[in-house]
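Here is the structure we will look at.
In my numbering, the protein residues as written are 1435 to 2072.
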């Protein structure tokens, strides 16, 4: 029964889409097969985007409101979604007689739509069949959800794993709703799968607004959905795909303002979408800023200075409504809404001179272009290193390089954290270069270029940087769709485009079938592993040790257990297994939340080196060292 409650958000979204859809009389006819795309701001795709933004924004605000009353629990969330479903259902019922039946014309786009549909279906099977096993999710994305439920609010708590506190929680708020509705995490992967579909809708609409025909719009969606990093994240509990999708949604809403003044509905949609970007992940900011600037300039060019100023304030207010509470809590805990200085310095660049930005940008681009051919990768890496030396920049300068990473590195494999996307990256880079010199696409291309420059100026190069730049990549995909749709009309190059896209689809299927850490077939397939094995695909050697520690705690009868965690090791498996035990951190990196006394707990679980555990566990406690990293400890007599 609880699993069926997950249908409430889906029903709310569907009803909201129907309720927000314009009347048939207001909707223009579909464009011809190869004419420029529909630029009407009230088409079906915009309605889908508006509905998704409205529902997700409301979900995030509701978490903050419930938290104020200490009501982060299943019952209040179920009531909220039931009411939302009833309200939107009533509005949809009122709206249904007022619009006609939509038409769907695929034509030549059928050759893209069929393989795309198969790819999405395969991803859905994998997402449903897989247990959450993303490394960062076990470390902090999902762990903090369990803390919120245990505490009844989303306030700051004591933890040594400060990423649980520092990083904005938008995607996790959406997962929190699913967790409380269903009582588990079995449907968590569907959030990013749905984000992938919405992102495809947004980039295809952007391509239409730029002037792409129907085939160009489908090709934009195909470039987006076949990108290996997106394919792999579409079955994951990460948040890079979610933030990339919100950026694409912001872009299409901003493009509505190119030829007309923004309506209150436009401003509300843009502000809410911008707020969703900010509250989901900071890597989206570098892509969002140029989009908002682009929109503002377009509005000012229509001599709407007063309206633009008022609209800008409204957008800022909506960003504050959605992201302000989370940022304020971090500011109170660490003295800055961005967290401690040391943490920011580890991820953000400290050099912003042109030479350093150039080298960092070249490294980011080169990493996305890695291929299965070592000689090609070596040549590209050497070229970037040569440019760095010529402009006087160390290619591994710590001011622009994450401390554990060394350029150029080798990362050609279908892995959700590191996978390159050479075909798609090459397409968008070429499309961007061409678009900067073409009148119809030049303004939007300038915004995309600004996003690339900001990303290179702020995001340090690192081994897993390919997924961190997905928001900027998503912003550039419509340009690729636009130009592919134009050149495919020429018979001389149509075969070449078909060959390129065939390669893109082939590797996308490979990512679903054989990707890591989830795969449909082969050794380690989700159909050959049990739930516990699936969860520990990233740390298979720890699966048995974690299980032994859990058994130790259960056998002891402990009700309050202290946790000693090292670095990025996992707390989440203990949280979802020891559901009747209160888990508290015995160390804290949060200045305003000290760790509890060791005398307040009945047992301790250590997932840390022996010396770290020894600093916390009293000498007279009974220690069971399960393996070099995992141990349990109990006071005398227990």
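A virtual CB, placed ideally from N, CA and C, is assigned to each residue, including glycine.
Asked                                                                                                                                                                      : Found
Nearest CA to the CA of residue 1848: which residue from 1687, 1664, 1996?                                                                                                 : 1664
Check whether the region 1599-1613 touches the region 1644-1651, taking contact to mean three or more Cβ pairs, one atom from each stretch, closer than 8 Å.               : no
Determine the extent of the alpha helix (DSSP H) in which residue 1971 is found, giving its start and end residues.                                                        : Element bounds for residue 1971: n/a, residue is neither H nor E.
Please confirm whether residue 1728 and residue 1911 have their CB atoms less than 8 Å apart.                                                                              : no
Between the region 1999-2009 and the region 1566-1585, are three or more C-beta pairs nearer than 8 Å?                                                                     : yes
Pairing CB atoms from the region 2047-2060 with CB atoms from the region 1615-1628, are three or more of them under 8 Å?                                                   : no
How far does the beta strand (DSSP E) with residue 2059 in it extend, from its first residue to its last?                                                                  : 2056-2059
Going by DSSP, name the residue or residues bridged to residue 1985.                                                                                                       : Answer by DSSP bridge pairing: none, since residue 1985 is not bridged.
Nearest-angstrom Cα distance between residue 1679 and residue 1724?                                                                                                        : 16 Å
Give me the DSSP bridge partner(s) of residue 2041.                                                                                                                        : 1999, 2064
DSSP puts residue 2017 in a beta bridge; with which residues?                                                                                                              : 1995
Just the Cα atoms here: how many angstroms apart are residue 1755 and residue 1495?                                                                                        : 8 Å
For residue 1921 and residue 1946, I'd like the C-alpha separation in whole angstroms.                                                                                     : 30 Å
In the structure shown, what three-state DSSP assignment does residue 1782 receive?                                                                                        : strand
Would you report the Cα separation of residue 1867 and residue 1821, rounded to the nearest angstrom?                                                                      : 20 Å
Are the Cβ atoms of residue 1795 and residue 1871 separated by less than 8 Å?                                                                                              : no
Since residue 1950 sits in a beta bridge, which residues does DSSP pair it with?                                                                                           : 1849
Where do the ends of the alpha helix (DSSP H) carrying residue 1916 lie?                                                                                                   : 1904-1921
Starting from residue 1762, trace the alpha helix (DSSP H) in both directions and tell me its first and last residue.                                                      : 1739-1768
For residue 1578, I'd like the list of residues in its chain whose CB is within less than 8 Å of its CB, leaving aside the five on either flank, ordered along the chain.  : 1598, 1599, 1603, 1606
In angstroms, rounded to a whole number, what distance separates the CA positions of residue 1656 and residue 1638?                                                        : 9 Å
What does the Cβ neighbour count give for residue 1626, buried or exposed, with the cut at 16 atoms within 10 Å?                                                           : buried
Skipping 5 residues on each side, what residues in its chain have a beta carbon closer than 6 Å to that of residue 2061?                                                   : 1979
With 16 other CB atoms within 10 Å as the buried threshold, where does residue 1591 fall?                                                                                  : buried
Return helix, strand or coil for residue 1527, following the three-state DSSP convention.                                                                                  : helix
Mind reading off the beta-carbon distance from residue 1752 to residue 1706? Whole number of angstroms is fine, and I expect it under 8 Å.                                 : 5 Å
Going by DSSP in three states, residue 1835 sits in which element: helix, strand or coil?                                                                                  : strand
With burial defined as no fewer than 16 other Cβ atoms inside 10 Å of the residue's Cβ, what is the status of residue 1740: buried or exposed?                             : exposed
Nearest by alpha-carbon distance to residue 1497: which of 1816, 1699, 1759 is it?                                                                                         : 1759
Contact between the region 1822-1842 and the region 1769-1789: three or more CB pairs below 8 Å?                                                                           : yes
Go ahead and label residue 1769 buried or exposed: buried means 16 or more other beta carbons lie within 10 angstroms of its beta carbon, across all protein chains shown. : exposed
For residue 1898, which three-state DSSP category applies?                                                                                                                 : coil
Please return the same chain residues whose Cβ sits closer than 7 Å to the Cβ of residue 1934, not counting the five positions on each side in sequence.                   : 1857
According to DSSP, which residues form a beta bridge with residue 1893?                                                                                                    : 1782
Using 8 Å for Cβ pairs, my map puts residue 2052 next to residue 2032. What's the rounded Cβ distance?                                                                     : 6 Å
Using a Cβ-Cβ cut-off of 6 Å (strictly less than) and excluding sequence neighbours within five positions of residue 2067, which residues of its own chain qualify?        : 2038, 2051, 2055, 2057
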